[in-house]
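Read the structure below first, then the notes.
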Amino acid sequence: RKEVAKSKRYFFWDNGIRNGVISNFNRLSLRDDIGRLWENYCISERMKRNHYLLKSCNYYFWRTYDKKEIDLIEESGGELAGFEFKWPEKKVKPPQLFLSSYVPSSFKVIYRQNYLEFIT
C-alpha cells in the first residue's frame, strides 16, 4: 500500500478567520505561510463556486508514504480531478501513480495566472 489513508485536513471558508486563529495579520511579503494561504483561498473559493452552481462534489486530498501529494481531489459524476496549488509558478509533474490508479482522472496546477478559470 503506497497511499496514506484516513488523514484529515481542515480549511477555512475565509482566510481572515484562519489568520485570526493563528494570530498572523502580516502583509503577504512578510509571511512564511503564503503557500498555505493560497491553497486555502483557492479551495474555499472553488467550494463556494460549486455550491453556487449546485454542483455536488466530494473533496479529498491524496498523499503517498513517499511524500507525493495532490492538494485537492474533486470527485463529481464518477470522475476525479486533482489540483495542486502553487503561489510561485513552478513546474509540477502529475503524479503518475494517481493518474494510473484512478481512471478516469485528470490533474491541473493552479497558479496566480490561471486561478480565475478555476474559481469562476
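Heads up: take any position in the sequence shown, counting from 1, add 176, and you land on the numbering used here. Glycine is no exception: its CB is placed at the ideal position from the N, C-alpha and C atoms.
Taken in chain order, the unbroken stretches of alpha helix (DSSP H) that lie wholly in the segment 249-290 and span 4 residues or more are 272-277. Phe187 sits away from Ile210, with the two beta carbons spaced by 8 Å or more. Secondary structure of Asn216 (DSSP, three-state): helix.
Taking Glu179 as the centre and dropping the five residues before and after it, the same chain places the C-beta of Thr240 closer than 6 Å to its C-beta, in chain order. Within the DSSP bridge table, the entry for Glu293 names no partner.
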